[in-house]
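K.L.:
Residues in the sequence shown are numbered consecutively from 193, following my numbering.
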Amino acid sequence: MLDVVFFEVFAEEEKALKKYLPATLKAEFTPHTIQEAKSKNLPAPLISVRTQSVIPTAWSKRLKGVLTRSSGYEHLLDFRRENKSDAACGYLADYCSRAVAEQAVLMAAALLRKLKLQTKQFDRFNRDNLTGFEIQGRKCLVVGVGYIGRQVVDIAKGLKMYVKGVDLKHAQKDLKYVGLLEGIRWADVVICALPLTKETRGMLNYDVLKQIPRGSILVNVSRGEITPLADMERLLEEKILGGLGLDVYENEGRLAVALRANKKVASPQAQSLVRLSKKEQVLFTPHNAFNTYESVERKAQESAESIMAFIKTGKFLNPVPQE
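1. Taking the DSSP output, what are the residues bridged to Asn-412?
2. Any contact between the stretch 250 to 270 and the stretch 446 to 460? By contact I mean 3 or more CB pairs, one from each, below 8 Å.
3. Considering Cα atoms alone, identify which of Leu-388, Pro-237, Val-466, Glu-430 is closest to Ile-404.
4. Can you give me the Cβ contacts of Lys-491 inside the same chain, cut-off strictly under 8 Å, excluding the 5 residues immediately before and after it?
5. Hey, Ile-376 and Ala-293 are a contact pair by Cβ (cut 8 Å); roughly how many whole angstroms apart?
6. By DSSP's criteria, Glu-220 is part of a beta bridge. Which residues make up the other side?
7. Within 8 Å, do at least three Cβ pairs link the stretch 418 to 425 to the stretch 215 to 229?
8. DSSP state of Ser-245, grouped into three classes?
9. Report the residue from Asp-195, His-362, Leu-213 whose alpha carbon sits nearest the alpha carbon of Gln-493.
10. Helix, strand or coil for Tyr-339? Go by DSSP, reduced to three states.
11. Which stretch, first to last residue, makes up the beta strand (DSSP E) that contains Tyr-354?
12. Compare the C-alpha of Arg-484 against each of Phe-202, Thr-323, Val-449 and name the closest.
13. Would the beta-carbon of Asp-399 be found less than 7 Å away from any heavy atom of the ligand MN?
14. Out of curiosity, what's the CA-to-CA distance linking Asp-135 and Trp-251?
15. For Gly-466 and Ala-385, which I take to be in contact (beta-carbon distance under 8 Å), what is that distance rounded to the nearest angstrom?
16. For a test of the three-state rule: what should DSSP assign to Tyr-212, helix, strand or coil?
17. Spell out the partners DSSP gives Leu-333 in its beta bridges.
18. One question on the structure: do Ala-229 and Phe-502 come within less than 8 Å of each other, judged by their Cβ atoms?
19. Over what stretch of residues does the alpha helix (DSSP H) that includes Ala-496 continue unbroken?
20. At the level of alpha carbons, what is the spacing between Gly-434 and Leu-410?
21. Count the other CB atoms within 10 Å of the CB of Thr-243; is the residue buried (16 or more) or exposed (fewer)?
22. Are there 16 or more other CB atoms within 10 angstroms of the CB of Leu-322, so buried, or fewer, so exposed?
23. Helix, strand or coil: which one does DSSP assign to Pro-478?
24. Is Gly-188 helix, strand or coil when you go by DSSP?
25. Nearest chain D C-beta to Phe-221 closer than 8 Å, yes or no?
26. So Ser-408 and Val-370 are in contact, right, with Cβ under 8 Å, and what is the actual spacing, rounded?
27. Is Ile-418 closer than 8 Å to Leu-438 when the C-beta atoms are compared?
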């Protein structure tokens with residue numbers, strides 16, 4: 193039997209993982225989620241996933257360990273809760289915060305400068321309706337000032353934006369913290385870097401964001417369930433939001449599987465997503481903000497170290513906390 197199976201592995205990641213894993217380890221790699229792979233039987237006592245795989249209930253009793261190659265682990269909490277599983281669960285603490293933060297600010301700048309429309313109008317060399325805003329002097333609200341949020345603050349300040357933060361912990365001494373609604377009413381740019389919890393699910397909804405200054409930009413690089421798609425669509429239609437950048441989506445696992453298979457998804461969220469993707473003031477990326485050479489190397493090394501620690505001790509380097 194295999195020692196470990198890695199699901200949701202893209203080509204560069206597989207190459208990096210093989211560099212850090214011992215040659216004696218019996219490992220298998222697949223780009224597919226568990227549901228795409230259609231694995232009926234547990235392929236190994238230890239598996240590694242990202243955020244889109246759904247672990248079958250039938251596996252829960254024989255599964256010894258699950259490592260998610262992500263900083264977020266709410267999907268493993270769901271698995272453990274729903275299946276009452278005793279399988280050890282682990283995650284990666286902080287391998288990609290700079291990469292994700294850079295993409296968040298990059299998306300905000302692209303939306304402020306109407307980059308999507310600029311590229312569309314190149315073939316006619318048409319500059320009409322392309323006047324945007326400089327990022328210097330914009331008011332940036334960072335919602336969630338953890339690993340990623342702190343990096344967003346650093347980059348935004350470096351670009352001479354005015355920056356405020358929203359977080360339960362006021363850990364960064366050189367940052368002004370405000371309440372969510374106070375910050376929303378102030379901001380030109382809102383960047384969401386929150387973890388997904390019961391409290392943050394749906395937090396940036398229509399009723400909250402309708403209080404933002406008209407024409408402001410929203411970027412979410414954390415979890416799609418925090419920014420409901422139907423609400424985002426309404427905010428754009430009513431011209432409350434001037435731009436929307438998403439790297440994460442509601443029901444992302446199902447959506448990603450359908451898009452890779454070139455299938456239509458009939459859910460209301462998917463229909464909103466299709467309509468939104470066609471708008472010139474909207475930028476969507478495929479949960480790829482983490483994906484830099486540097487972060488992939490860190491991710492592979494940390495994953496390999498955590499896998500080997502589990503094989504030797506029965507414990508991951510970063511265990512998912514008990515609820």
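Cβ coordinates follow ideal geometry from the N, Cα and C atoms, glycine included.
P.N.:
Taking the geometry as given:
1. As a working note, residue 412 is residue 220 in the sequence shown. Per the DSSP secondary-structure output, Asn-412 pairs in a beta bridge with Cys-384, Leu-438.
2. No: fewer than three Cβ pairs fall under 8 Å.
3. As a first step, residue 404 is located in the sequence shown; it is residue number 212 there, counting from the start. Looking at the Cα atoms, Glu-430 is the closest of the given residues.
4. Counting from 1 along the sequence shown, the entry for residue 491 is found at position 299. Closer than 8 Å at Cβ, skipping near neighbours: Glu-205, Ala-208, Arg-261, Leu-284, Tyr-287, Cys-288, Phe-482.
5. Residue numbering aside, residue 376 sits at position 184 when the sequence shown is read from its first letter. Residue numbering aside, residue 293 sits at position 101 when the sequence shown is read from its first letter. So it is not a contact: roughly 20 Å between Cβ atoms.
6. Residue 220 sits at position 28 when you count from the first residue of the sequence shown. BP columns for Glu-220 point to Val-197.
7. no
8. Locating residue 245 in the sequence shown gives position 53, counting from the first residue. It is coil, neither helix nor strand.
9. Translated into the one-based positions of the sequence shown, residue 493 becomes position 301. Ranking the options by Cα distance to Gln-493, first place goes to Leu-213.
10. For this step, residue 339 is matched to residue 147 along the sequence shown. Correct three-state label for Tyr-339: helix.
11. Translated into the one-based positions of the sequence shown, residue 354 becomes position 162. Start and end: 354 to 358.
12. Counted from its first residue, the sequence shown places residue 484 at position 292. Per the sequence shown, residue 484 should be read as Thr rather than Arg. The shortest C-alpha separation from Thr-484 is found at Phe-202.
13. Questions concerning the ligand MN fall outside what the structure shown contains, since it holds no ligand whatsoever.
14. Because residue 135 is not part of the residues shown, which for the chain are 193 to 515, the question remains open.
15. Here residue 466 corresponds to residue number 274 of the sequence shown, with the count starting at 1. Here residue 385 corresponds to residue number 193 of the sequence shown, with the count starting at 1. Per the sequence presented here, residue 466 reads as Val, with Gly not at that position. Incorrect: roughly 26 Å between the Cβ atoms, too far for contact.
16. As a working mapping, residue 212 is identified with position 20 in the sequence shown. Looking at Tyr-212 - three-state DSSP - the assignment turns out to be helix.
17. For the purposes of this step, residue 333 is taken as the residue at position 141 of the sequence shown. In DSSP, Leu-333 forms a bridge with Lys-356, Val-382.
18. Position 37 of the sequence shown, counted from the first residue, corresponds to residue 229. Position 310 of the sequence shown, counted from the first residue, corresponds to residue 502. In this structure, Phe-502 does not lie closer than 8 Å to Ala-229 by Cβ.
19. Position 304 of the sequence shown, counting from 1, holds the residue named residue 496. Counting along the chain, the alpha helix (DSSP H) containing Ala-496 begins and ends at 485 to 505.
20. Position 242 of the sequence shown holds residue 434. Position 218 of the sequence shown holds residue 410. Between Gly-434 and Leu-410, the C-alpha separation is close to 8 Å.
21. On the sequence shown, position 51 is the one that residue 243 refers to. So Thr-243 counts as buried.
22. Counting from one through the sequence shown, the residue named residue 322 turns up at place 130. Looking at its Cβ environment, which holds fewer than 16 other Cβ atoms inside 10 Å, Leu-322 is exposed.
23. Walking along the sequence shown from the start, residue 478 turns up at place 286. Looking at Pro-478 - three-state DSSP - the assignment turns out to be coil, as it is neither helix nor strand.
24. Limits of the chain in this structure are 193 at one end and 515 at the other, which puts residue 188 out of reach.
25. No chain D is part of this structure, which consists of one protein chain only.
26. Residue mapping note: residue 408 aligns to position 216 of the sequence shown, counting from 1. Residue mapping note: residue 370 aligns to position 178 of the sequence shown, counting from 1. Their Cβ separation, rounded to whole angstroms, is 15 Å, which puts Ser-408 and Val-370 out of contact at 8 Å.
27. What you label residue 438 is simply residue 246 of the sequence shown in a count that begins at 1. What you label residue 418 is simply residue 226 of the sequence shown in a count that begins at 1. In this structure, Ile-418 does not lie closer than 8 Å to Leu-438 by Cβ.
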